[in-house]
Amino acid sequence: MLISDDYFLLSWPNYHYMNPTLLPSAKLAPQYHLPETSTSTYFLSHLLLGQERAVDAFKLMTKTESQHLFLGDFSGVDRPLFIKALASQADTPSNNYLVAAKKLTDDNEIQFKWQSALPPQNVGIIAKQESLSCYLQGTIRRADLLGRMIKTDKASVYKPGALASNHMVFICVESIWQRENLWDLLMQTLHDGHYRINSELAPIPVNCKIILVGSGLSYSQLRLEDSKFSRHFPLLGEMSNEVDLIQHPESAYVQWLNVLAKDEAVELETSSLLPLFWYSSRLVEHQQRLSLSMLEIKQLLAQAKAYAGKSLLNGTAIAKALEKLKFRHNSSEMYSAQSFDDNFINLPTKGAMVGQINGLTVIDTGDYTYGEPARITTSVHYGDGEVADIERKSELGGNIHTKGMMILSACLYRIFGRDAPLHLNANIVFEQSYQEIDGDSASLAEYCCLMSAIAEQPIVQSLAVTGALDQFGNVQAIGGVNEKIEGFYNLCQRRGLTGEQGVIIPKANVLQLNLEPAVIEAVDKGGFHIHAIEHMDEAVEILMQMPAGVANEDNDFAPETLYGLVQQRLDKLAGQDDEDIELSFFAKLLAKLRII
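Position 223 of the sequence shown, counting from 1, maps to 240 under our numbering, and the rest follow consecutively.
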């Protein structure tokens with residue numbers, strides 16, 4: 018049932034404009050205190066910003082014997098560059114020399130030993146441990162680790178591997194774990210404390226530290242599956258993928274950016290910092306945190322350099338690179354927008370309707386994420402109290418979405434079904450949805466839609482809703498809040514902003530807001546509105562522009578409130594409204610005979 022905009026010219030309180038839930042434009046994006054210049058002093062060690070856990074574990078490893086390190090990283094790390102920065106935290110070790118000597122117990126048997134003193138000229142040096150560190154990845158062979166014998170015309174010569182040439186050997190755990198024989202060889206070498214090149218050569222003592230580099234999940238799996246790993250790798254240095262600006266100043270992040278810029282052979286002007294900070298904040302979805310994804314920042318800098326045609330990058334160059342980055346990945350979003358514009362997808366953004374609401378969803382294509390509004394409808398009828406999830410019944414709803422529907426039902430029964438069962442059935446569906454839907458972020462919208470259908474009160478279609486409910490009606494945080502807001506804003510902007518359109522989001526998500534400048538400008542001018550709420554009652558009041566209602570001692574609501582109307586409808590369905598009940602023929606006969 019579509020209701021005209023004139024409906025809201027009646028004497029309802031003006032919840033839309035007087036509601037304290039409206040967010041000012043200042044809260045829609047992070048505010049930074051950036052330095053006046055971007056050319057502050059910086060060193061390679063500044064790449065370790067926010068990596069206190071990894072640095073502490075690494076330094077502990079250098080001070081302990083026979084304890085090696087597992088470095089838990091994430092997909093955005095430039096491993097060679099980070100390893101170089103981490104290795105710089107170690108005290109510079111002296112060179113070690115592998116020499117041959119006779120065993121004290123047997124003059125005829127030769128053994129190898131490491132020594133820091135340069136041996137005399139008449140003593141042959143088997144290997145020199147001169148390099149601080151190396152990183153092994155890809156196809157790793159036995160000879161890369163242990164070395165090999167090279168035959169010459171006169172004799173066989175030992176060519177040292179990584180273990181004999183470096184004080185620290187970083188190894189990609191995915192590269193060595195996939196080769197079972199090589200993994201077992203490494204674990205056995207650490208267990209024995211030495212390794213053999215062949216049966217004729219004496220064992221070579223292990224005189225270096227091993228740092229395995231991989232995901233934290235790999236560390237947990239290895240500890241469960243391999244007892245030798247647990248024994249030799251007790252140290253975990255877990256890397257952080259974000260930095261907290263409460264603990265670190267913006268100037269420290271500028272130094273981090275400058276190290277990456279230098280590695281990409283670019284320079285950053287002061288004007289380039291704000292768009293870089295904005296992009297970094299979007300990656301972690303938090304106003305007070307910034308991303309430490311080195312690869313994504315470096316790739317953006319390289320693209321900005323290519324577009325600008327020079328190595329000195331300003332704000333315009335970064336903004337263009339970000340615009341082009343979005344353009345290369347948003348084809349799905351554009352096709353979706355065309356479907357709305359051509360009215361292939363029915364979703365009104367004006368007027369009011371009973372039992373219909375605009376929800377907000379997020380589409381993740383793997384390389385790009387965008388928001389898309391979705392029309393949710395509800396129908397109610399007499400029944401046994403079931404709130405049916407059509408998505409679930411059609412096998413298009415995931416487990417978390419089903420959980421959200423169950424919580425919605427719990428909210429309904431908590432308010433209206435404390436003393437007696439509810440005599441209604443409800444069907445809730447995402448209209449024109451042809452793929453699986455999961456998550457509980459639509460439970461608030463579904464609840465509001467259900468209240469509208471029961472009370473037969475219209476919902477304004479110029480607002481869209483997102484939020485997850487708990488059993489007590491509190492609105493909880495959801496994911497993808499920026500994409501959801503921008504998705505509905507883009508649709509409204511294409512149709513023309515009226516000053517009535519907006520979204521309702523959980524207040525818990527405010528710290529994650531980092532919206533596009535166009536959205537912030539529209540909010541600032543009053544063309545678009547963002548409400549941040551904490552309880553579901555606030556949502557129904559905004560959407561239906563009438564008070565939700567407060568229960569009295571008998572758990573009854575005032576008849577002029579929304580919940581009062583819901584209660585009246587439920588009473589009718591339960592047969593408690595005598596005026597509306599038509600007696601059956603048998604009941605009328607009994608009444609005439611004064612039996613009832």
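Positions of the beta carbon are idealized from the N, C-alpha and C atoms, including for glycine.
Is the separation between the beta-carbon of histidine 398 and that of asparagine 442 shorter than 8 Å?
Within the sequence shown, numbered from 1, the residue matching residue 398 stands at position 381. Within the sequence shown, numbered from 1, the residue matching residue 442 stands at position 425. Yes.
Which of the three DSSP states is assigned to asparagine 183 in this structure?
Against the sequence shown, residue 183 aligns to sequence position 166. In the structure shown, asparagine 183 sits in a strand (DSSP, three-state: E or B).
Which of helix, strand or coil does DSSP assign to aspartate 90?
On the sequence shown, position 73 is the one that residue 90 refers to. Strand at aspartate 90.
Note down, in chain order, each residue of its chain lying with its Cβ closer than 8 Å to the Cβ of methionine 311, except the 5 sequence neighbours on either side.
To locate residue 311, count along the sequence shown from 1; it is residue 294. So the qualifying residues of the chain are Leu64, Gly93, Val94, Asp95, Leu98, Phe99 and Leu277.
Range of the contiguous beta strand (DSSP E) that encloses proline 523:
As a first step, residue 523 must be located in the sequence shown, where it is residue number 506. Looking at the DSSP string, the run of the beta strand (DSSP E) that includes proline 523 is 519-523.
In whole angstroms, what is the alpha-carbon distance linking leucine 241 and serine 247?
Taking the sequence shown and counting its residues from 1, one reaches residue 241 at position 224. Taking the sequence shown and counting its residues from 1, one reaches residue 247 at position 230. So the two alpha carbons sit approximately 8 Å from each other.
Which residue marks the beginning of the beta strand (DSSP E) containing serine 232, and which one marks its end?
Here residue 232 refers to the residue found at position 215 of the sequence shown. That run of the beta strand (DSSP E) goes 226-232.
Tell me which same chain residues have a C-beta within less than 6 Å of the C-beta of asparagine 375, skipping the five on either side of it?
Here residue 375 refers to the residue found at position 358 when the sequence shown is read from its first residue. Same-chain partners within the cutoff: Pro390 and Ala481.
Work out the CA separation of alanine 591 and isoleucine 407 for me, nearest whole Å.
Working through the sequence shown from its first residue, we reach residue 407 at position 390. Working through the sequence shown from its first residue, we reach residue 591 at position 574. Bear in mind that the predicted position of isoleucine 407 carries a pLDDT of just 49, short of 50, making it too unreliable to give a figure here.
At what residue ranges does the stretch 479-544 contain a whole run of the beta strand (DSSP E), taking only runs of 3 or more?
480-482 and 519-523
By the three-class DSSP mapping on this structure, what secondary structure does lysine 176 have?
The residue given as residue 176 occupies position 159 in the sequence shown. Three-state result, lysine 176: strand.
First through last residue of the alpha helix (DSSP H) which encompasses lysine 255
Here residue 255 is taken as the residue at index 238 of the sequence shown, counted from 1. Looking at the sequence provided, one finds glutamate at residue 255 rather than lysine. For glutamate 255, there is no enclosing alpha helix (DSSP H); the residue is found in the beta strand (DSSP E) stretching over 252-255.
Classify threonine 394 as helix, strand or coil using the three-state DSSP reduction.
In the sequence shown, residue 394 corresponds to position 377, counting from 1. Three-state DSSP puts threonine 394 in a strand.
Buried or exposed: which applies to threonine 58, given that a residue is buried once 16 or more other Cβ atoms fall within 10 Å of its Cβ?
As a working note, residue 58 is residue 41 in the sequence shown. Label assigned to threonine 58: exposed.
Check for me: the alpha helix (DSSP H) holding glutamate 69 runs from which residue to which?
Your numbering for residue 69 matches position 52 in the sequence shown. Residues 69-80.
The alpha helix (DSSP H) with aspartate 588 in it runs from where to where?
The sequence position of residue 588 within the sequence shown is 571, counting from 1. Element bounds for aspartate 588: 579-590.
Glutamine 68 to glycine 89, Cα distance in whole Å?
Indexing the sequence shown from 1 puts residue 68 at position 51. Indexing the sequence shown from 1 puts residue 89 at position 72. C-alpha separation (whole angstroms): 11 Å.
Please tell me whether arginine 70 and glycine 233 are closer than 8 Å, where the distance is taken between their beta carbons.
Locating residue 70 in the sequence shown gives position 53, counting from the first residue. Locating residue 233 in the sequence shown gives position 216, counting from the first residue. No, the pair does not count as a contact, with Cβ atoms beyond the cut-off.
Only counting runs of 3 or more residues, tell me where the beta strand (DSSP E) segments fall wholly within the stretch 314-397, in order along the chain.
369-371 and 373-381
CA-CA distance, alanine 568 and phenylalanine 574?
What you label residue 568 is simply residue 551 of the sequence shown in a count that begins at 1. What you label residue 574 is simply residue 557 of the sequence shown in a count that begins at 1. In a straight line, the C-alpha of alanine 568 is about 5 Å away from that of phenylalanine 574.
Assigned exposure category for isoleucine 393 - 16 Cβ within 10 Å defines buried
Reading the sequence shown from its first residue, position 376 is the one you call residue 393. Isoleucine 393 counts as buried, since at least 16 other C-beta atoms from the protein chains shown sit within 10 angstroms of its C-beta.
Just list the residues that DSSP pairs glutamine 128 with in beta bridges.
Here residue 128 refers to the residue found at position 111 when the sequence shown is read from its first residue. Beta-bridge partners assigned by DSSP to glutamine 128: Ala118.
DSSP state of lysine 420 mapped onto helix, strand, coil:
Within the sequence shown, residue 420 is the residue found at index 403, counting from 1. The answer is helix: DSSP assigns lysine 420 an H, G or I state.
Per DSSP, what kind of secondary structure is glutamine 562 in: helix, strand or coil?
Here residue 562 is taken as the residue at index 545 of the sequence shown, counted from 1. Residue state, collapsed to three classes: coil.
Have a look at cysteine 465 and methionine 561 and give me their C-alpha separation to the nearest angstrom.
In the sequence shown, counting from the first residue as 1, residue 465 sits at position 448. In the sequence shown, counting from the first residue as 1, residue 561 sits at position 544. Whole-angstrom Cα-Cα distance: 9 Å.
Could you say if the stretch 188-201 and the stretch 99-119 meet the contact criterion of at least three C-beta pairs nearer than 8 Å?
no
C-beta contact flag for serine 479 and glutamate 517 at 8 Å:
Mapped onto the sequence shown, residue 479 falls at position 462. Mapped onto the sequence shown, residue 517 falls at position 500. Contact: yes.
In the DSSP assignment, what residue or residues form a beta bridge with lysine 44?
The count along the sequence shown starts at 1 and reaches residue 44 at position 27. Looking at the DSSP assignment, lysine 44 forms no beta bridge with any residue, so it has no partner.
Expressed to the nearest angstrom, what Euclidean distance is found between the alpha-carbon atoms of threonine 483 and isoleucine 550?
Counting from 1 along the sequence shown, the entry for residue 483 is found at position 466. Counting from 1 along the sequence shown, the entry for residue 550 is found at position 533. Answer to the nearest angstrom: the Cα atoms are 10 Å apart.
Simplified DSSP assignment, three categories, for lysine 145
Working through the sequence shown from its first residue, we reach residue 145 at position 128. It is a strand residue.
Extent of the continuous alpha helix (DSSP H) run through histidine 249:
Here residue 249 is taken as the residue at index 232 of the sequence shown, counted from 1. Segment 244-249, the alpha helix (DSSP H) holding histidine 249.
On the three-state DSSP scale, how would you describe glutamate 259?
Counted from its first residue, the sequence shown places residue 259 at position 242. Glutamate 259 falls in the strand class under three-state DSSP.
Mind checking who lysine 168 pairs with in its DSSP beta bridge?
Residue numbering aside, residue 168 sits at position 151 when the sequence shown is read from its first letter. Beta-bridge pairing links lysine 168 to Ser173.
Of the choices Asn198, Gln154 and Glu197, whose alpha-carbon is the least far from that of alanine 179?
Position 162 of the sequence shown holds residue 179. Nearest of Asn198, Gln154 and Glu197 to alanine 179, Cα basis: Gln154.
Do you know offhand how far tyrosine 7's Cα is from serine 356's?
Absent from the model: residue 7. The displayed extent of the chain is 18 to 613, so no value can be given.
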